[in-house]
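Protein chains: 4
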Amino acid sequence: MQTHRSPRTSPGPSPAAPPRLRVGVIGASGYSGAELLRLLSGHPRVDIAIATADRSAGRLITEVYPQLTPCQGMRFTALDPRAVAREADAVFVALPPGESTMVVARLVAASRRVIDLGADFRLHNARLYPRWYHWRHRRPALLRQSVYGLPEWHREEIASARLVANPGCYPTAILLGLAPAVSRALAAANVPIIIDAKSGLSGAGRSANLSFQLPETHESLEAYQIGTHRHTPEIEQELARLAGRGMAVTFTPHLVPMSRGLLATMYVTLRRSVTTAALRRLYREVYAAAPFVRVLEGGSANPKDVRGTNQCAIGVTVLTRTRQAVITSAIDNLGKGAAGQAIQNLNLMMGWPETLGLEQAGLIA
Amino acid sequence: MQTHRSPRTSPGPSPAAPPRLRVGVIGASGYSGAELLRLLSGHPRVDIAIATADRSAGRLITEVYPQLTPCQGMRFTALDPRAVAREADAVFVALPPGESTMVVARLVAASRRVIDLGADFRLHNARLYPRWYHWRHRRPALLRQSVYGLPEWHREEIASARLVANPGCYPTAILLGLAPAVSRALAAANVPIIIDAKSGLSGAGRSANLSFQLPETHESLEAYQIGTHRHTPEIEQELARLAGRGMAVTFTPHLVPMSRGLLATMYVTLRRSVTTAALRRLYREVYAAAPFVRVLEGGSANPKDVRGTNQCAIGVTVLTRTRQAVITSAIDNLGKGAAGQAIQNLNLMMGWPETLGLEQAGLIA
Amino acid sequence: MQTHRSPRTSPGPSPAAPPRLRVGVIGASGYSGAELLRLLSGHPRVDIAIATADRSAGRLITEVYPQLTPCQGMRFTALDPRAVAREADAVFVALPPGESTMVVARLVAASRRVIDLGADFRLHNARLYPRWYHWRHRRPALLRQSVYGLPEWHREEIASARLVANPGCYPTAILLGLAPAVSRALAAANVPIIIDAKSGLSGAGRSANLSFQLPETHESLEAYQIGTHRHTPEIEQELARLAGRGMAVTFTPHLVPMSRGLLATMYVTLRRSVTTAALRRLYREVYAAAPFVRVLEGGSANPKDVRGTNQCAIGVTVLTRTRQAVITSAIDNLGKGAAGQAIQNLNLMMGWPETLGLEQAGLIA
Amino acid sequence: MQTHRSPRTSPGPSPAAPPRLRVGVIGASGYSGAELLRLLSGHPRVDIAIATADRSAGRLITEVYPQLTPCQGMRFTALDPRAVAREADAVFVALPPGESTMVVARLVAASRRVIDLGADFRLHNARLYPRWYHWRHRRPALLRQSVYGLPEWHREEIASARLVANPGCYPTAILLGLAPAVSRALAAANVPIIIDAKSGLSGAGRSANLSFQLPETHESLEAYQIGTHRHTPEIEQELARLAGRGMAVTFTPHLVPMSRGLLATMYVTLRRSVTTAALRRLYREVYAAAPFVRVLEGGSANPKDVRGTNQCAIGVTVLTRTRQAVITSAIDNLGKGAAGQAIQNLNLMMGWPETLGLEQAGLIA
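Residue numbers (this note's numbering), protein chains in the order written: chain A, 3 to 367; chain B, 3 to 367; chain C, 3 to 367; chain D, 3 to 367.
Here is the structure:
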């Protein structure tokens, strides 16, 4: 069997060592997939058993990503769900929207634990798919089984889930930033929350595109899909759950000339007066037990400060002139916004400490 | 006399050539000052007569900025307002906030035309300076003489002004983007306009600062001065004039890892329903005669497309779900946001074509 | 006729104005082609009569390149050599290697002046094409008519040429940097000159390529085509002419995470002792009449200082310990390395001042 | 006592766990110092006992570097060598050139193991300091005790050393790239080796400097200290030892617009013919037992591929036309070029596995 062990355990498991989980990664050559390999290769309780990547099938992982030295000797394989189900007990699926539905269905049927990093199982209402994604969902029944994998707000459900839908990168930063205010009914009902988000270009995925060549992105900065971005229904679904009422948001994503990193700046009109200090205190209380959420002393979160980690940094400011809260929320779009959070979800599903394999410091400079 | 002629005219003015205006630049070694030199050295009707820069006094301009080849042989001088008044008929002042008041006062007293790129003469209400700038204005009487130099909205006043206060970079992009909607009473009165702006780092000025070293700014993106940025009163003053009523805005500037470029994304709650097409049409009508404002076919302006130019690109989108307009407005912070607009103002003050010396194409890639 | 006039002449040519030359640009949507449009649109003696771009045929130039405001209203056309010959008196051809041969042949046959920015007419020896370019030259007879368009070293030939082969970007920086030493027999005969060159990514052309996406080029820096780059024979051909003997060089190009700019660092073992001061003096003498070559006070040229211009900056240092000269030579790969030099060649072919349309200052910051 | 434990061991050492080493970091707020904290906080056998940083004394480490989450709660202290000697058994010193001499002397006198990341103990010949560093060495006797800490070539000496001088970033990449050829007498004696090196800006240290502001470094690329860089004697000292004869090199460092990463391109004239394949094979043999050196299949190493790691990637190409080898060698200047290598040295000094705490995969994208 082509099992791979992370080098940290190279002397081999001692007799007392707990058994290790065999995990698979489907779509392992995209940016999220590769980040999964990076993080999983340092996780103390898992072995990467299989990593599929259709375009790179047969190639050494280190040939495509020389940085992944712990994966030395391991090769990408073509996607064969049966082989994955055989080799792995838990599977991460990182495929483009619409492509994971049937793969996930099969793995769930084979009683594998599944964490889907794509969009196919995030929305509870199947009718939203045609509207926002322009395709009809092929396994709507599975949507009921799926748990939205934002651990800070769905910890218990995730712990008992077989299928977790890992949130999108934008929704992760946005929901963590808005949830305390919204769940405590601080947001005025009649004014939509405005979300102005900025992402580095790894968020656009790994494929050749003239628009993302360096000379094109250099000194370039723009909004895209204004009012139509597909993460919108996911944000509204979760906010509605927190608010106990329907929520409409105005969401404008931007691309900035960075590789990694995501910042959401959010404008919430407040129902009642509250000071900056009081609102920060509330946020701190809400997240007191959340190991990956940091409520800042100041108002400005910066994705640089969480790069390469599973952290989310949140800044809170109240503007008394206009009775608004300005919330900034920063994550690494490939970390807490994708691979890191997926591993956090796995830890919860397995009953392991939530932070396992996710404690390492971020890269400075 | 230390007059400098741009090389384009090297054969010497022919007998029929119109007389050239002698201009001075005070604070010529900062980014805005240097951009003034770059643009003025290609302007067909002016000679750069004097360029002051205290820290670089005595040095060749091309030693500090090798790019400024047309300034070959010319040296920065120390600031001596009397010398400037003697050498130049019109003067651009590019000094830090608070430092231009007395210099401008002296030049105005000497009957020189003055375009101040700083903040000292932008606010009509002297009492706003202590509040936003933390200093008391030393020549409040001059504020009445000063014209706010946004040509698209103050063309006539500028034409007859002796003292023009060149707008800040953020206010330029923001006001051009909001003015059509606000002046036509499309903005709901009870919901503050939200302005989320992003700027490259040349906007922070040219001085050694650990925070702006490449390894610190690399992959860095953050908001700053949330709710307290000093461009706020300037924005509100002009919007109030356009609206005919007091206006409060929520303004959040961000720094993005770019050198030049500024994008403002603005959220206006509409008083009545209007389609995207209709709103774009309105914007096109309003700016039909403005040579430097381009209303886009799409909704997303990009500062890359106007880099090195005096253009402002504006994108307009109406979100029917929330009855909001999302306006994006992009400029080059050193061009239309500073030096380019200053020259546009000079052109108007001199009765020259508005576009003189400002027609060149922007740098691609 | 679809003639286009640059806005600088908008008042229209006065009766005394000299007639303007109609020029065409073939391959106008690549980076070099677009830079040609940028520069030509500001040139006082030409009108852009036609601009072809097969992939963008029918689109407005400003739709593809919003920066090219002076080209407003003009459209790219599909390449039809007959139409080009009809519309234009002089033609710039900016096509990939091997694709310009037949187009150029046709334009030359139609008695048009041609400046080819590609590689098809740079090598005098047709047998070098199969070896370095892997195709056989289809019009070898034309190679004899073609003049190598490095104006500083072929001024007279260019002036009387009908077909000019614009040098490659690397050879331009390299030859300008080496020619004074080599032509004065300062380079030791038995030690090959070593050329370590670094280029921004616009030098790799404008097409979708996974390797040049921002997240891939970010923090990336590498050599490529070590010892096999196709600019090698061009460099050796010209050096041999200067030296009066065969010359072999070791040439290693690198890609650095920049958009524009090219730096060549060159190591010449000297035949005899010479001081840094004496060698700089020699370089200054050689280039005394060259308006676009600047020999620096120091040893380190920087492409940033010549960005957006047709300048070449050269730094000269002699290391007495090893009796070597270290020459650094910096250009803008799209300026002096492509479009700028092509226009300099046109100026010479037309008997105009060499600097016409090329004097503008470079962008600061 | 202010001891700090990395969170990975949070459950506390089990009775069977080996004792942990208390380490100190002097100069911990510079880029190398911070990278030491990052790596040490994940090292399974050490506790960071003390971290000094004069300018930041008293501040929380995570206030200065939010990325260093494992250092939560720990503060920088002012440098007091006595306190360091009391708290730590092994000490990393990361101070500017000339500033570590007396501190190291004191720690050595207190029988602490010392790894000095600065230049003060790298040169065996004290007389080279005045010449290259412009100061006289204050403890020349200690130079005899100091071991040059390039583990791949000094493993045994390091294992028994009390004082290790960690090599400079440039020398590390250069020596690893040249040593196989030089030690096997492949380099021609009469032709100096040419080294053209390129470094990201974190190599220039962490302090406010106008030249390194983003708008100044943007699109900037230049050589510096041509022929006079202070890493030259260190390179020559070690090459001479490998060659068994005096060696002079020509070394030109460049700064490229990156944050991290260092690439050296080296040109070695060969004494005898050898094929690329044979030379690669030789390199592979030489480094067969070196866990951090990777000899590539191709000729072009890229620092991106080793970012955040302690790896060195080496590409080897032989040019038969000129009988030269072109060696490319890439490291992370803060990893193998500083902090990573320092920890590798600690591991050897302690008799631990060489790779302890240094196995993690590098950041992708």
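Cβ coordinates follow ideal geometry from the N, Cα and C atoms, glycine included.
Just so it is clear, the structure is predicted and the values come from calculations on it, not from any experiment.
What number of angstroms, rounded off, separates the C-alpha of residue i from the C-alpha of residue j?
i, j, result
"Glu37 (chain A)", "Ile366 (chain D)", "7 Å"
"Leu350 (chain D)", "Glu356 (chain D)", "6 Å"
"His6 (chain A)", "Arg47 (chain A)", "Unreliable placement is indicated for His6 (chain A), whose pLDDT of 39 sits below 50; no coordinate value is reported for it."
"His423 (chain A)", "Trp134 (chain A)", "In the structure as shown, chain A starts at 3 and stops at 367, and residue 423 (chain A) therefore has no counterpart that could be examined."
"Thr322 (chain C)", "Tyr131 (chain D)", "20 Å"
"Arg88 (chain B)", "Arg114 (chain B)", "9 Å"
"Ser58 (chain A)", "Gln74 (chain A)", "15 Å"
"Leu223 (chain A)", "Asn304 (chain B)", "6 Å"
"Asp122 (chain C)", "Glu101 (chain C)", "8 Å"
"Glu236 (chain D)", "Ala55 (chain D)", "27 Å"
"Val308 (chain C)", "Gly263 (chain C)", "8 Å"
"Ala280 (chain A)", "Leu165 (chain A)", "38 Å"
"Thr71 (chain A)", "Phe294 (chain D)", "10 Å"
"Ala245 (chain A)", "Pro194 (chain B)", "23 Å"
"Ala111 (chain C)", "Met104 (chain C)", "10 Å"
Smallest Cα separation from residue i: which of the options?
i, options, result
"Asp91 (chain D)", "D:Leu241, D:Leu41 and D:Ile52", "D:Ile52"
"Ala181 (chain C)", "C:Gly342, C:Phe214 and C:Leu284", "C:Leu284"
"Pro173 (chain B)", "B:Leu241, B:Arg164 and B:Gln362", "B:Leu241"
"Gln362 (chain B)", "C:Val95, C:Ser43, C:His139 and C:Val86", "C:Ser43"
"Arg243 (chain A)", "A:Tyr150, A:Thr64, A:Thr277 and A:Ala327", "A:Tyr150"
"Ala167 (chain B)", "B:Lys338, B:Thr252 and B:Asp118", "B:Asp118"
"Arg22 (chain B)", "B:Ala96, B:Leu109, B:Val297 and B:His45", "B:His45"
"Ser201 (chain B)", "B:Ala225, B:Ala30 and B:Gln69", "B:Ala225"
"Gly205 (chain C)", "C:Phe214, C:Met76 and C:Glu299", "C:Phe214"
"Ala344 (chain B)", "B:Leu144, B:Val193, B:Tyr67 and B:Val116", "B:Val116"
"Leu177 (chain D)", "D:Trp137, D:Tyr67 and D:Ile333", "D:Ile333"
"Ala80 (chain A)", "A:Arg108, A:Thr103 and A:Val27", "A:Val27"
Between which two residues does the beta strand (DSSP E) carrying residue i extend?
i, result
"Ile117 (chain C)", "Arg115 to Asp118"
"Tyr233 (chain A)", "A small fix is needed here, since residue 233 (chain A) is His in this sequence, not Tyr. Neither: His233 (chain A) is in no beta strand (DSSP E) and is coded neither H nor E."
"Gly317 (chain B)", "Cys314 to Leu321"
"Met268 (chain D)", "Leu264 to Thr271"
"Val434 (chain D)", "No information on residue 434 (chain D) is available, as it lies outside the stretch 3 to 367 that chain D covers here."
What residue does the alpha helix (DSSP H) around residue i start on, and which one ends it?
i, result
"Leu109 (chain C)", "Thr103 to Ala111"
"Ala87 (chain A)", "Pro83 to Glu89"
Taking Cβ-Cβ distances shorter than 7 Å, what residues in chain F pair up with residue i?
i, result
"Glu356 (chain A)", "Structure shown: chain F not included; protein chains present are A, B, C and D."
For the ligand NAD, I want to know if residue i counts as a neighbour, meaning its beta carbon is within less than 7 Å of at least one of the ligand's heavy atoms.
i, result
"Asn335 (chain D)", "Ligands are entirely absent from the displayed structure, and the ligand NAD is therefore not among its contents."
Q. Just by C-beta distance, which residues in the segment 58 to 87 of chain C are closer than 8 Å to chain B?
A. The segment 58 to 87 of chain C vs chain B, Cβ under 8 Å: Tyr67, Pro68, Gln69, Leu70, Thr71, Pro72 and Cys73.
Q.
Along the segment 194 to 218 of chain C, where does the CB come closer than 8 Å to a CB of chain D? Name the residues.
A. Listed in sequence order: Pro194, Ile196, Asp198, Lys200, Gly202, Pro217 and Glu218.
Q: Identify each residue in the segment 21 to 41 of chain C for which the Cβ-Cβ distance to at least one residue of chain A is less than 9 Å, and report them in chain order.
A: Answer set for the segment 21 to 41 of chain C: Tyr33.
(Q) List, from N- to C-terminal side, the beta strand (DSSP E) runs of 3 residues or more that fit wholly inside the segment 47 to 78 of chain A. (A) Along the length of the segment 47 to 78 of chain A, whole beta strand (DSSP E) runs at least 3 residues long occupy 48 to 54, reported in chain order.
Q: Please list the residues of the segment 297 to 312 of chain A that have a C-beta atom closer than 8 Å to any C-beta atom in chain B, keeping them in chain order.
A: Residues of the segment 297 to 312 of chain A with a C-beta atom less than 8 Å from some C-beta of chain B are Gly301, Ser302, Ala303, Asn304, Pro305, Lys306 and Arg309, listed in chain order.
Q) For the segment 109 to 179 of chain B, which segments carrying the alpha helix (DSSP H) assignment without a break, of at least 4 residues, lie completely within its bounds, in sequence order? A) Every alpha helix (DSSP H) stretch that sits fully inside the segment 109 to 179 of chain B and reaches 4 residues is listed by chain position as 130 to 135, 142 to 147 and 153 to 161.
Q) Got a sec: which bits of the segment 256 to 269 of chain D sit with their beta carbon under 7 Å from any beta carbon on chain A, in order along the chain? A) Within the segment 256 to 269 of chain D, the qualifying residues are Ser261 and Arg262.
Q: Return the chain-ordered ranges of every alpha helix (DSSP H) run that is complete within the segment 298 to 361 of chain C and spans a minimum of 4 residues.
A: You should have 342 to 352.
Q: Check distances from the C-beta atoms of the segment 222 to 244 of chain A to those of chain C and list, in chain order, the residues that come in under 8 Å.
A: Correct list: empty, as no residue qualifies.
Q | Contacting positions in the segment 44 to 56 of chain C - beta carbon closer than 8 Å to chain A | A | The segment 44 to 56 of chain C vs chain A, Cβ under 8 Å: nothing.
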